[in-house]
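>
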Amino acid sequence: MSNQRSFRGINRIRVKNIFPLSLSVFVLTIFNMAGQERNSAPKAQLFELLPPSESNVHFNNILKQTKADNIFVYKGFYKGGGVAIGDINNDDLLDIYFTGNQVGDKLYLNKGNFKFEDITFSAGILNRGGWSTHVSIVDVNNDGCKDIYVCKSLYDNQEKLRENELYINNGNLTFTEAAAQYNLNDNKRTTEANFFDFDRDGDFDVYIVNQPKNSSILAPKGSEKKIEPHENYRLLENKGGTFVETPTNGSISNYGYGLSSAIADFDNDGWQDIYVANDYKGPDFFYINNKDGTFTNKIYENIKHTSYFSMGADIGDINNDGWMDFVVLDMVAEDNFKLKSNMSSMNPVEFWDNVSQGGHYQYMFNTLQLNNGVDANGGLLFSEIGQMAGISSTDWSWSPLLADFDNDGLLDLFVTNGVRHEIGNTDALKRLNGYIADILEKHNLENNADIDIWQYINLEEVLSFFPSDKVKNYMFQNTNGLRFQKTSDAWGFDQETFSTGAAYGDLDNDGDLDLVVNNIDEVAHVYRNRANTIKKNNYLRIKFENAGKAQSFFGTKVTIYHKNGFQTAQLTNARGINSSSEEIIHFGLKGITRIDSIKIDWFNGRTSFVRKKVKPNQTLILDMQKQKMHDSNEAVSNYIFEDITSEAQVNYIHKENRFDDYAREVLLPHRMSTLGPGLAVSDADGNGLKDFYIGGPQQGLGKLFTQQTNGSFVENPIKLIPDLNREDMGAVFFDADNDGDQDLYVVSGGNEFEKDSQNYQDRLYLNSGDGKFGLADNVLPTINASGSRVKVADYDNDGDMDLFVGGRQVPGAYPEPAKSYLLKNLLNETGRLLFLEENKPLMEKLGMVTDAVWTDFDTDGDLDLIVAGMWMPITVLENTGGTFSNSTQKFGLQETSGWWSSITGSDMDNDGDDDYVLGNLGLNYKYKARPNEPFSVHQGDFDGNGKKDIVLSYYNYGEQYPLRGRSCSSQQVPSIKKKFKSYNEFASASLQDVYGQSSLSTALHYEAKTFASISMENLGNGKFNIKPLPDLAQISSINSSVIHDVDNDGIKDVIVAGNLFGSEIETTRNDASLGLFLKGKRDFEFEPVPMGKSGLNISDDVKEIKLIDYGKGKALVVAINNGRARLIKINSK
0 MSNQRSFRGI
10 NRIRVKNIFP
20 LSLSVFVLTI
30 FNMAGQERNS
40 APKAQLFELL
50 PPSESNVHFN
60 NILKQTKADN
70 IFVYKGFYKG
80 GGVAIGDINN
90 DDLLDIYFTG
100 NQVGDKLYLN
110 KGNFKFEDIT
120 FSAGILNRGG
130 WSTHVSIVDV
140 NNDGCKDIYV
150 CKSLYDNQEK
160 LRENELYINN
170 GNLTFTEAAA
180 QYNLNDNKRT
190 TEANFFDFDR
200 DGDFDVYIVN
210 QPKNSSILAP
220 KGSEKKIEPH
230 ENYRLLENKG
240 GTFVETPTNG
250 SISNYGYGLS
260 SAIADFDNDG
270 WQDIYVANDY
280 KGPDFFYINN
290 KDGTFTNKIY
300 ENIKHTSYFS
310 MGADIGDINN
320 DGWMDFVVLD
330 MVAEDNFKLK
340 SNMSSMNPVE
350 FWDNVSQGGH
360 YQYMFNTLQL
370 NNGVDANGGL
380 LFSEIGQMAG
390 ISSTDWSWSP
400 LLADFDNDGL
410 LDLFVTNGVR
420 HEIGNTDALK
430 RLNGYIADIL
440 EKHNLENNAD
450 IDIWQYINLE
460 EVLSFFPSDK
470 VKNYMFQNTN
480 GLRFQKTSDA
490 WGFDQETFST
500 GAAYGDLDND
510 GDLDLVVNNI
520 DEVAHVYRNR
530 ANTIKKNNYL
540 RIKFENAGKA
550 QSFFGTKVTI
560 YHKNGFQTAQ
570 LTNARGINSS
580 SEEIIHFGLK
590 GITRIDSIKI
600 DWFNGRTSFV
610 RKKVKPNQTL
620 ILDMQKQKMH
630 DSNEAVSNYI
640 FEDITSEAQV
650 NYIHKENRFD
660 DYAREVLLPH
670 RMSTLGPGLA
680 VSDADGNGLK
690 DFYIGGPQQG
700 LGKLFTQQTN
710 GSFVENPIKL
720 IPDLNREDMG
730 AVFFDADNDG
740 DQDLYVVSGG
750 NEFEKDSQNY
760 QDRLYLNSGD
770 GKFGLADNVL
780 PTINASGSRV
790 KVADYDNDGD
800 MDLFVGGRQV
810 PGAYPEPAKS
820 YLLKNLLNET
830 GRLLFLEENK
840 PLMEKLGMVT
850 DAVWTDFDTD
860 GDLDLIVAGM
870 WMPITVLENT
880 GGTFSNSTQK
890 FGLQETSGWW
900 SSITGSDMDN
910 DGDDDYVLGN
920 LGLNYKYKAR
930 PNEPFSVHQG
940 DFDGNGKKDI
950 VLSYYNYGEQ
960 YPLRGRSCSS
970 QQVPSIKKKF
980 KSYNEFASAS
990 LQDVYGQSSL
1000 STALHYEAKT
1010 FASISMENLG
1020 NGKFNIKPLP
1030 DLAQISSINS
1040 SVIHDVDNDG
1050 IKDVIVAGNL
1060 FGSEIETTRN
1070 DASLGLFLKG
1080 KRDFEFEPVP
1090 MGKSGLNISD
1100 DVKEIKLIDY
1110 GKGKALVVAI
1120 NNGRARLIKI
1130 NSK
């Protein structure tokens, strides 16, 4: 098994990237939205909704709102009930338990063939009038019979009704309520209980999520004390048949409004960890098990950002790499109307205050956290990929379930959806505020803080303010391990409901997973899965026993090995929200006909193996007592990349100056002042060792680091007189004056200064020959554009080095095209070092240039330029006798406009011409672009106030809309509030409705038609073959890349890095990249090697990476915005 090392992109079940083979195919196919349901010929639906008359399941969670009990008094009033599926009588048929809010719970016995019997009363399930939330089926006392634990909430003044209930299984279809006996009768508004063996002592402890005292503004005043952190989240140890508080509560002492938790061994160390999903502005928690009875919250170290209103959660290995991923739901709609009518804009001040006060980067989207494994230092890191996966927006969602519903070997995602009244509707909230204000003005003239406002409120009238529309639940099919396709209708989920808790299990023992859903004000749904007859894929199910007893085995992880690689699954107690699913390991196998071996990592830390061949399409029963146990051994990895920053004494920290880009341009898509620094690499001091320069921020200085023979670097001062007021972007070493040493050119950029400011003047520093630099006067022309990169080449073949300097932006005038510069070196013509601008008309408004490469792409003997930029196509500047022309359309690249951020050239296929890798925004961002539905920007004076306005727009279901909502848009154009008096009106308005076709037609207008990062093979004769890079390279922006044969196999590899941390706060920042090693195959295919295998971990806001000779090998120098520069050694074979 030691050779079966798991890493992303390899050993995956039938997970392939199918790349288009030409540019035309690329632009037509790559931008299909992952979450958009395909139109296809009608087929038999995978799931069949059984009528209650057939299943005999008539449970209905009916809610009746009164002045004492309603959504305005209790925030959790619409959270609904849950479902638990488990075998309570060991007859191999899974039974169902429903929790009710204002109705009693129900227990249904599975009689076979989807017939169920209501045995609630005879089984001894009580109805004391409490409000049930979560339910777990778990063998609490290890007697082999599954018990039932029910959580209770709400009811401020009735603590007795809030006591949780534990039903001990008597073994004869009856239960005895014994919560007090087991010390589990918690009354602190429990929303979830998650059973697991945190100390690996062989019995199941419990993590209880309680909620704070009722804080609704319309709740009656009470004397209840504020909950303490150790009461808010409780870790109880199972000791001698009762549950006791752990010392220091396991070091869990945070405060929040928890809705769910997900428990798994996330770091593969054999110990169970806890993720807690918290509602509202408080951060989620991520508790890593310290293996000593305590946990440490590492949410900030391990998770880059989270959902804002975190709801239900679930775990699973979505891409079959052996690491547990997880999903958390939020409440954002996918359609434009609901998106803009249900939430007013996020407040930037509140957002950043929350971050600074201990909150996280929290965004109103579902999050799918991809587990990258651990790095060389044991650090666990996740990449959030919900946007690329296509599952980020599913309306007001509650319960996610990750399971292989079609048995194809990949975990799919089911999401319950709907809220009884849309209490986030902005217009309704404004109306409610006015309604309450009128009451107070009329009936509370003395400002009595204790007024009973409910005596004046008409509840039915207030509820009528808020829309109440049933919606469909979501089903997503996992298509390749990283992307999901919406299949709700195709798979049979076309009913509109208010659904909350849900659970899955094979209710009819036919080898596929059925679903049970708890609805509000509607009979619960029981779905029969027909995958076994429609898809006919193979499967394997694994149950566990201990000495013949069907105990619980939560935390047990199973890995199966077969010809296509391996798959991993883990048992966990609580899944989704309010619910728990079957306690059976289920693997879909598609066409696999034989399992070669099985590895079982038991919940108590021991490991066993099944080394014989196992046939599919069966339920395998493994008895723990009969297994030959081994101690778990952690695999030792030999990483390709090694961070030696500290060892090499590279101590530079880039500290970005504070500047508010949005104060000048409120609707910027992201900050334009945080795009540096850049890098330059060469032997600056002439000692035969490569050195590097890294740029400084405005109000800071760049630094030169010279390499020493012992492998360390020494910081050397440069006389940088004007630099303190300039922001360094690109830089390059080159011999400007042909004296045999390396001079330094530094590009000035940023967004802090006004247009044409002298602070954008670039600088040239001449080397005196010993690594000492001085500013060259009167050598450069006036350069007053905010720049990006500088590229060096003797394009006119006159023996001295010329320059191309890219213009990045026009400060304060986004997205106007910036001026770039082609600087001809006159040294050999005049004998004097002097640079002269050439091709001015072409360069004047070239675009928002981010990068460029000198390349003789047409092999005609002179150097051309290929330029990358924002809102630009891949731009070809063809050199004809020293004069350049824009030949983009000539070579068929005019439809490639994107947010290109980098380009690197090299002869990757050894055919004698340069090929290219181009970095783009990526496919994991809120903004989507396709050729027929581009992402657009208009700039114009839309309100006639003499100032240019920015309007970003996108397509939603075929219609073009403004990207931003009414609040943000009216900050820029105040007349919008007058034109659209309500949020609902604005939400219904198209781009043309809001701004007018005449104004749009005269505005500056750009379109982005692709956000995918690509490779571009040069086929010769002006032809290119464009392919998107693998999905794992699309999870964030690629700001820089290096082409190098890392593993010395004769095929060039690619290393990419990036991210974009400066996104406006309603858009999730691009932070998923850790850097990525793309191992080159042939034919421009690349195998992504994840962090856990490669060791490459540069998860910051990386702006540039460069290869540097280091010792006898190579290393990467990494420039990071607002962070510490890094040096990464490459351990080549």
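Count the sequence shown with numbering that gives the first Met the number 0 and you get residues 0 to 1132, in order. Ideal Cβ positions, reconstructed from N, Cα and C, are used throughout, including at glycine.
Could you pull the DSSP bridge partners for residue 792 from this structure?
Paired residue(s): 801.
> Taking Cβ positions, are residue 933 and residue 1007 nearer each other than 7 Å?
Going by C-beta atoms, residue 933 is nearer than 7 Å to residue 1007.
> Measure the beta-carbon distance from residue 568 to residue 557 and round it to whole angstroms, keeping in mind my assumption that it falls under 8 Å.
Residue 568 to residue 557, Cβ: 6 Å. Contact.
> Cβ-heavy atom distance between residue 1111 and the ligand SAH below 6 Å?
For the ligand SAH, the structure offers nothing, since it holds no ligand at all.
> Taking all protein chains shown into account, do 16 or more other C-beta atoms lie within 10 angstroms of the C-beta of residue 1133, making it buried, or fewer, making it exposed?
A question about residue 1133 goes unanswered here, because the residues of the chain that appear run from 0 up to 1132.
> Considering Cα atoms alone, identify which of 831, 765 and 650 is closest to residue 1124.
Selected option, being the one with the closest Cα: 650.
> If we count Cβ pairs, one from each stretch, closer than 8 Å, do we get three or more for the segment 190-206 versus the segment 263-281?
Enough Cβ pairs lie closer than 8 Å, so yes.
> Identify, in the order they occur along the chain, each residue of the same chain with its Cβ nearer than 6 Å to the Cβ of residue 727, setting aside the five sequence neighbours on each side.
The residues are 675, 676, 694, 695, 701 and 745.
> DSSP three-state call for residue 193: helix, strand or coil?
Looking at residue 193 - three-state DSSP - the assignment turns out to be strand.
> Could you give the first and the last residue of the continuous alpha helix (DSSP H) run that contains residue 661?
It spans 660-663 - the alpha helix (DSSP H) in which residue 661 sits, taken as one unbroken run.
> At what residue ranges does the segment 304-349 contain a whole run of the alpha helix (DSSP H), taking only runs of 4 or more?
Entirely contained in the segment 304-349, the alpha helix (DSSP H) runs reaching 4 residues are, in chain order, 335-341.
> With distances taken between CB atoms, is the gap from residue 45 to residue 530 smaller than 7 Å?
Cβ atoms of residue 45 and residue 530: closer than 7 Å.
> Entirely within the segment 757-786 and at least 3 residues each: give me those beta strand (DSSP E) ranges in chain order.
Correct list: 762-766 and 772-774.
> For the beta strand (DSSP E) holding residue 698, just list the boundary residues, first then last.
Note, residue 698: premise wrong, no beta strand (DSSP E); not H, not E.
> Looking only at C-alpha atoms, which of 447, 461 and 500 sits nearest to residue 472?
For the residues 447, 461 and 500, the minimum Cα distance to residue 472 belongs to 500.
> Would you check if there are 3 or more beta carbon pairs closer than 8 Å linking the segment 542-559 to the segment 53-69?
Short answer: they don't touch.
> Among 931, 277 and 242, which residue has its Cα nearest to the Cα of residue 308?
When each option's Cα is compared against that of residue 308, the closest is 277.
> Do you know offhand how far residue 594's Cα is from residue 297's?
So the alpha carbons of these two residues sit roughly 37 Å apart.
> Would you list, in sequence order, the uninterrupted beta strand (DSSP E) runs of no fewer than 3 residues that lie entirely inside the segment 909-934?
Listed in chain order, they are 914-918.
> Residue 383 lies in the beta strand (DSSP E); which residues open and close that run?
From DSSP, the beta strand (DSSP E) with residue 383 extends over 379-383.
> So the alpha helix (DSSP H) residue 229 belongs to, where does it begin and stop?
228-231 is the extent of the alpha helix (DSSP H) around residue 229.
> CA-CA distance, residue 84 and residue 523?
Roughly 14 Å between the two C-alpha positions.
> Considering Cα atoms alone, identify which of 547, 542 and 589 is closest to residue 564.
It is 589 whose Cα lies nearest to the Cα of residue 564.
> Give me the Cα-Cα distance between residue 1041 and residue 753, rounded to the nearest whole angstrom.
Each residue's Cα considered, the two are about 34 Å apart.
> For residue 1045, which option in 1080, 505 and 269 has the closest C-alpha, if you only look at C-alpha atoms?
With distances taken between Cα atoms, residue 1045 lies closest to 1080.
> Is residue 876 buried or exposed, if buried means 16 or more other CB atoms sit within 10 Å of its CB?
So residue 876 counts as buried.
> Would you kindly work out how many angstroms separate the C-alpha atoms of residue 872 and residue 912, rounded to a whole number?
Approximately 21 Å, taken between the alpha carbons.
> Can you look up residue 1080 in the DSSP assignment and give me helix, strand or coil?
Residue 1080: coil per DSSP, three-state reduction.
> For residue 351, name the three-state secondary structure that DSSP assigns.
Residue 351 falls in the helix class under three-state DSSP.
> My understanding is that residue 1014 touches residue 1028, with C-beta atoms under 8 Å, so please give their C-beta distance in whole angstroms.
Yes, residue 1014 and residue 1028 are in contact; Cβ-Cβ is about 6 Å, under 8 Å.
> If you compare alpha carbons, which of 1128, 47, 1106 and 406 is closest to residue 645?
Closest by alpha carbon: 1128.
> Measuring alpha carbon to alpha carbon, tell me which of 250, 575 and 606 ends up nearest residue 311.
Ranking the options by Cα distance to residue 311, first place goes to 575.
> Which residues does DSSP pair with residue 85 in a beta bridge?
Residue 85 is bridged to 94.
> So, under 8 Å CB-CB, residue 755 and residue 742 are touching, yes? Tell me the CB distance rounded to an integer number of Å.
Their Cβ separation, rounded to whole angstroms, is 26 Å, which puts residue 755 and residue 742 out of contact at 8 Å.
> With a threshold of 6 Å on Cβ separation, who are the neighbours of residue 993 within its own chain once the five nearest residues in sequence on each side are excluded?
Counting only Cβ-Cβ distances below 6 Å, and skipping sequence neighbours, we find 961.
> How should residue 79 be labelled, buried or exposed, when 16 other C-beta atoms within 10 angstroms of its C-beta is the threshold for buried?
So residue 79 counts as buried.
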